[in-house]
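Below is one structure, written out as structure tokens; comments come after it.
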Amino acid sequence: MPEESESSLRQRITAYMSGAGGSRDNWFCTWWFRFHIEPFATKQIRRELELMKREGLVESDHSQSNNTKWRLTKYKPDGVTP
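In this note's numbering, the protein residues as written are 26 to 107.
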């Protein structure tokens, strides 16, 4: 069951960060997700964001103390040329 919960959290984080039609290109503070992705605690959300960062799905900005910001990584799918 925890795996299902974790994948659900990841899907919710990705969907929220993508916005309608993938239109968002914003930075989001860790604590912000707690108010928009329930019923997960900030600690769970932070852990999932760290895992996503290791996998190259998100990038983080630690420029402000005690306020890490996150955004989806821009990537070009294989086989797509500009």
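We put the CB at the ideal spot given by N, CA and C, even for glycine.
DSSP state of residue i mapped onto helix, strand, coil
i           : result
residue 95  : strand
residue 84  : strand
residue 53  : strand
residue 102 : With a pLDDT of only 49 at residue 102, under 50, the local geometry of the prediction cannot be trusted, and the value read off the model is given with reservation. Note: residue 102 maps to coil in three-state DSSP.
residue 90  : coil
residue 75  : helix
Cβ of residue i within 8 Å of any chain B Cβ
i          : result
residue 86 : Note that chain B does not occur in the displayed structure, where there is just one protein chain.
Neighbourhood of residue i by C-beta distance below 6 Å, restricted to the same chain and skipping five residues each side
i          : result
residue 55 : 71 and 93
residue 39 : none
Beta-carbon contacts of residue i that lie in its chain and below 7 Å, excluding the five residues immediately before and after
i          : result
residue 69 : 34
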